[in-house]
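Residue numbers (UniProt numbering), protein chains in the order written: chain A, 1 to 502; chain B, 1 to 161. Ideal Cβ placement from N, Cα and C applies to all residues, glycine included. Nothing here was measured: the structure is a model prediction, and the numbers come from that model. Each remark here refers to the structure printed beneath this line.
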Amino acid sequence: METLINVAHGFGVALLPINLLYCFIGVFIGTLVGVLPGIGPISAMSLLLPITLSGTPESGIIMMAGIYYGSMYGGSTTSILVNIPGEAASVVTCIDGHQMAKQGRAGPALGIAAFGSFIAGTFALIALMLVAPKLASVAIAFGPAEYFSLMVLGLVVLTFLTQGSMAKALLMACTGVVLGLIGLDSITAQPRLTFGRVELIDGIGLVPVVMGLFGIAEVLLNTEQVIKRDIMNTRITHLLPSRADWKASAGPISRGTIMGFLLGILPGGGAVVASFGSYALEKRLSKTPERFGTGAIEGVAGPEAANNAAAGGAFIPLMTLGIPPNVVMALLLGAFVIHGLQPGPLMITQNPGLFWGIVASMYIGNLMLLVLNLPMIGMWVQLLKLPYNILFPLIILFTIIGVYCSSNNVFDVYVMIAFGVIGYFMRKLGYEPAPLVLAFVLGPMLENNLRKSLILSQGDLMTFVERPISAACLLFAVALLIGPLLPALRKKRELVALDEGA
Amino acid sequence: MSNDSNVKIRLNNSELWGGLIGLALGGFVIWSGLKLKLGTINDPGSGYVLFYTGILMCLFAGSIIIAALSEGGPTFGSRWQNTRWTKPVIVIACLIAFAFSLDTFGFLLSSIPLMVLLLRLVDPVRWPLAIPIAVLVPLGMWWILKRLLLIQLPSGIFEIG
Chain A
1 METLINVAHG FGVALLPINL LYCFIGVFIG TLVGVLPGIG PISAMSLLLP ITLSGTPESG
61 IIMMAGIYYG SMYGGSTTSI LVNIPGEAAS VVTCIDGHQM AKQGRAGPAL GIAAFGSFIA
121 GTFALIALML VAPKLASVAI AFGPAEYFSL MVLGLVVLTF LTQGSMAKAL LMACTGVVLG
181 LIGLDSITAQ PRLTFGRVEL IDGIGLVPVV MGLFGIAEVL LNTEQVIKRD IMNTRITHLL
241 PSRADWKASA GPISRGTIMG FLLGILPGGG AVVASFGSYA LEKRLSKTPE RFGTGAIEGV
301 AGPEAANNAA AGGAFIPLMT LGIPPNVVMA LLLGAFVIHG LQPGPLMITQ NPGLFWGIVA
361 SMYIGNLMLL VLNLPMIGMW VQLLKLPYNI LFPLIILFTI IGVYCSSNNV FDVYVMIAFG
421 VIGYFMRKLG YEPAPLVLAF VLGPMLENNL RKSLILSQGD LMTFVERPIS AACLLFAVAL
481 LIGPLLPALR KKRELVALDE GA
Chain B
1 MSNDSNVKIR LNNSELWGGL IGLALGGFVI WSGLKLKLGT INDPGSGYVL FYTGILMCLF
61 AGSIIIAALS EGGPTFGSRW QNTRWTKPVI VIACLIAFAF SLDTFGFLLS SIPLMVLLLR
121 LVDPVRWPLA IPIAVLVPLG MWWILKRLLL IQLPSGIFEI G
């Protein structure tokens, strides 16, 4: 009953005209960046982070969340029609989705992707509503040791799932921690790594780092290649899947939803792992696995449901523990912090309007996405024809303006350009930026909790293993660190390794 | 002779240089941590986490170097093989020039040439299309920010914008 009252309260917030407008802008931009290859949700969210300053916290967060789950919807369109994933979570959709489009079944592929996403997104929201308050009440008992170990686990999981060498990913995570510690020490107020520059006293901003590493670096990488698009010129008809399509897709959608939601909750996991996991599961369960790769609708329905459910599940650790499980959530945490809010166990009780408003807005956003992605599919197809040589200078200009507006400081533009160049070389040499960004956000919290737990325990390191939750997290983290040394686990890691930056 | 060529291959190994940069960074972080004072385990100081993170960085960089020396790795050339490597160089040069000119010349006088260069030098857009985009987009953005959102963009020594 209490949940229903809270949901009603949330709808009261979400249905305010200004919040509806921000929700629409969010899902619209999300679909747009999902559709356009070369700009992912991370770049778009970092670009729009400064804009959230102009409205209320609710409006800003509702818009940012909309961009995230909107991009999951939009990503499928390019995968199916052009065979280029708009964002990383839609890579798998290309395999069977584009084959279906080639066979003249683009309509059912797009339809099942949109309906699967809607069903999974709705399920994830209901689960979020039910799980988050319960987890938050448990999380109140968390001490600094638990928080420290959970953050370590989150970083290790992300490095485990990152493409390429794990040593490189761990090196990136450590670099991120160091970058996050630049500025005044929160306990002693001593300046660290500021090199005498006043601009660095407050540390490096998240916006220039993310925009540089993901926005500018992505543009630099894209300019290296000639981007060719094989856009379907045929008219897209029969968007509503047939009864046979629904029958084939029901199982994959259900399994993908549950798997995606659970993987979304895990720190370090996310939509990309969920979509790959769902595809592998469906292929394994299928009586005719040879159909996969040749236009099997199950190969579209499962992964699309999984990546949307994961997008919903990823809100749980952020909202209840204040720990972002992936880079996108780290950006959302940045939006909370900009408004002086700290997500965590107390947020649901202290700021119910914000929490339930965001949850309710996601229901509305999911409905908006269904309308945006089915009847308006023609408009998105037209957008795909925008040439990249016009698009990329615009992206660069918008990132420059976005960074400048976030702080009114030219120094941040320099930082962004520097990180753009560093990010480009990092990607060329096989160093993924995702662990760096997550560690950059978690670094100060990690240090704070480590130092607090050491002070509280009077320097007794056993505090991390004597507390069961902390011990379990550390044990899991150690297992993942040792895992890649074992050949069997290394192979598995290579199979699920992801490219967060895409 | 064969030894010489082996050394050459190793020195051109991009993995090795990546690891060495990581090692140098780790060394610098350790040094910074020590300079900031470590404190004690009961009361960790400002450099405590930096110091131990630096050690971890050196360990991970060390393992990258060992892997590069024992297993080899791709050369710098191979990383840029079959790519139009001059294009990102052009974009980087344009961005650096823009960064230097932004404070002096202001947003409008820096961003319009930046847009012209990016539109014309990478994958050339026709002049009749490039010029309007390069002029109108920064002008439009400037107008929205200044007039609607009341955000002052840098106006430079000529105070334009």
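Validate contact between the region 405-424 of chain A and the region 252-259 of chain A using beta carbons, cut 8 Å, 3 pairs: no
Between the CA atoms of residue 80 of chain A and residue 36 of chain A - distance to the nearest angstrom: For the purposes of this step, residue 36 of chain A is taken as residue 36 along the first sequence, with counting starting at 1. For the purposes of this step, residue 80 of chain A is taken as residue 80 along the first sequence, with counting starting at 1. Approximately 13 Å, taken between the alpha carbons.
The alpha helix (DSSP H) enclosing residue 199 of chain A, as first and last residue numbers: As a position in the first sequence, residue 199 of chain A is number 199, starting the count at 1. Unbroken run through residue 199 of chain A: none, as it is neither H nor E.
Residue 85 of chain B at chain A interface by Cβ criterion, 8 Å: Walking along the second sequence from the start, residue 85 of chain B turns up at place 85. Closer than 8 Å: yes.
Sequence-distant residues of its chain with Cβ nearer than 7 Å to residue 339 of chain A (five each side left out): Within the first sequence, the letter at position 339 stands for residue 339 of chain A. Same-chain partners within the cutoff: 57 and 60.
Where residue 393 of chain A meets chain B, residues with beta-carbon distance less than 7 Å: Taking the first residue of the first sequence as 1, we reach residue 393 of chain A at position 393. Those are 115, 118 and 119, listed as they occur along chain B.
Secondary structure of residue 192 of chain A, DSSP reduced to three states: In the first sequence, counting from the first residue as 1, residue 192 of chain A sits at position 192. DSSP places residue 192 of chain A in strand when its eight states are reduced to three.
Residues near residue 47 of chain B by beta carbon distance below 8 Å, same chain, minus five either side: By one-based count along the second sequence, residue 47 of chain B stands at place 47. Within the same chain, residue 47 of chain B has close Cβ partners 32, 33, 34, 35, 36, 37, 38 and 39.
Outcome for residue 243 of chain A when other beta-carbon atoms lying within 10 angstroms are tallied against a minimum of 16: Position 243 of the first sequence, counted from the start, is the residue given in the question as residue 243 of chain A. Under this definition residue 243 of chain A is an exposed residue.
C-alpha distance - residue 22 of chain B paired with residue 316 of chain A, whole-angstrom precision: Looking up residue 22 of chain B in the second sequence gives position 22. Looking up residue 316 of chain A in the first sequence gives position 316. Roughly 34 Å between the two C-alpha positions.
Simplified DSSP assignment, three categories, for residue 6 of chain A: The count along the first sequence starts at 1 and reaches residue 6 of chain A at position 6. Reduced to three states, the DSSP call for residue 6 of chain A is helix.
According to DSSP, residues forming a beta bridge with residue 44 of chain B: Locating residue 44 of chain B in the second sequence gives position 44, counting from the first residue. Partner(s): B:39.
Chain-ordered neighbours of residue 165 of chain A on chain B, where CB pairs are closer than 8 Å: Position 165 of the first sequence, counted from the first residue, corresponds to residue 165 of chain A. The contacting residues are 64 and 67.
8 Å Cβ shell around residue 336 of chain A - same chain, five flanking residues per side excluded: Position 336 of the first sequence, counted from the start, is the residue given in the question as residue 336 of chain A. Taken in chain order, the residues that qualify are 57, 61, 342 and 343.
Residue span of the alpha helix (DSSP H) that contains residue 82 of chain B, given as start and end: The residue given as residue 82 of chain B occupies position 82 in the second sequence. Element bounds for residue 82 of chain B: n/a, residue is neither H nor E.
Cβ contact (3+ pairs, closer than 8 Å) linking the region 211-222 of chain A and the region 87-104 of chain A: Pairwise C-beta distances place the region 211-222 of chain A out of contact with the region 87-104 of chain A, as fewer than three of them are shorter than 8 Å.
Sequence-distant residues of the same chain with beta carbon closer than 7 Å to residue 481 of chain A, five excluded per side: Counting from one through the first sequence, the residue named residue 481 of chain A turns up at place 481. Cβ within range, chain order: 156.
With 16 other Cβ atoms within 10 Å as the buried cut-off, status of residue 142 of chain B: For the purposes of this step, residue 142 of chain B is identified with residue 142 of the second sequence, where counting begins at 1. Buried is the call here.
Distance between residue 98 of chain A and residue 68 of chain A (C-alpha atoms, nearest Å): The residue labelled residue 68 of chain A in the question sits at position 68 within the first sequence. The residue labelled residue 98 of chain A in the question sits at position 98 within the first sequence. Cα-Cα distance, rounded: 23 Å.
Beta-carbon separation (whole angstroms), residue 146 of chain A vs residue 470 of chain A, contact threshold 8 Å: Numbered from 1 along the first sequence, position 146 holds the residue referred to as residue 146 of chain A. Numbered from 1 along the first sequence, position 470 holds the residue referred to as residue 470 of chain A. So it is a contact: roughly 5 Å between Cβ atoms.
Helix, strand or coil at residue 164 of chain A according to DSSP, with G and I counted as helix: Stepping through the first sequence from its first residue, residue 164 of chain A is reached at position 164. Note: residue 164 of chain A maps to coil in three-state DSSP.
Contact list for residue 557 of chain A against chain B, beta-carbon separation under 7 Å: As shown, chain A starts at 1 and ends at 502. That puts residue 557 of chain A outside it, with no answer to give.
Same chain, Cβ closer than 8 Å to residue 554 of chain A, five either side skipped, listed in chain order: Since the first residue shown for chain A is 1 and the last is 502, residue 554 of chain A is missing from the structure and cannot be characterised.
Segment limits, alpha helix (DSSP H) that includes residue 412 of chain A: The residue you call residue 412 of chain A lines up with position 412 of the first sequence. Note, residue 412 of chain A: alpha helix (DSSP H), 410-428.
Simplified DSSP assignment, three categories, for residue 389 of chain A: By one-based count along the first sequence, residue 389 of chain A stands at place 389. Note: residue 389 of chain A maps to helix in three-state DSSP.
Cα-Cα separation, residue 390 of chain A to residue 106 of chain A: Here residue 390 of chain A refers to the residue found at position 390 of the first sequence. Here residue 106 of chain A refers to the residue found at position 106 of the first sequence. Those two C-alpha atoms are separated by around 28 Å.
Closer than 7 Å at the beta carbon, the chain A residues around residue 60 of chain B: Within the second sequence, the letter at position 60 stands for residue 60 of chain B. Per Cβ cutoff of 7 Å: 167, 170, 171 and 174.
Residue 102 of chain B at chain A interface by Cβ criterion, 8 Å: Along the second sequence, read from residue 1 onward, the residue named residue 102 of chain B stands at position 102. Interface residue, yes.
Buried or exposed by the 16-neighbour rule on C-beta atoms within 10 Å, applied to residue 127 of chain B: By 1-based counting over the second sequence, the position of residue 127 of chain B is 127. Classification of residue 127 of chain B: exposed, given that the 10 Å Cβ count is below 16.
Outcome for residue 168 of chain A when other beta-carbon atoms lying within 10 angstroms are tallied against a minimum of 16: To locate residue 168 of chain A, count along the first sequence from 1; it is residue 168. That one is buried.
Beta-carbon proximity of residue 159 of chain A to residue 468 of chain A, cut-off 8 Å: Counting from one through the first sequence, the residue named residue 159 of chain A turns up at place 159. Counting from one through the first sequence, the residue named residue 468 of chain A turns up at place 468. The answer is no: Cβ separation not under 8 Å.
Contacts that residue 413 of chain A makes with chain B (C-beta to C-beta distance below 7 Å): In the first sequence, residue 413 of chain A corresponds to position 413, counting from 1. Ordered by position in chain B, the residues that pass the 7 Å Cβ test against residue 413 of chain A are 99 and 102.
Residues in the region 192-218 of chain A having any Cβ partner in chain B nearer than 7 Å: 192 and 193
Chain-ordered chain A contacts of residue 125 of chain B [CB-CB under 9 Å]: As a position in the second sequence, residue 125 of chain B is number 125, starting the count at 1. In chain order: 387, 389, 390 and 393.
Proximity test, Cβ basis, 8 Å: residue 466 of chain A and chain B: For the purposes of this step, residue 466 of chain A is identified with residue 466 of the first sequence, where counting begins at 1. Residue 466 of chain A does not count as touching chain B.
Under 7 Å from the C-beta of residue 396 of chain A: neighbouring residues of chain B: If you number the first sequence from 1, residue 396 of chain A lands on position 396. What residue 396 of chain A touches in chain B: 118.
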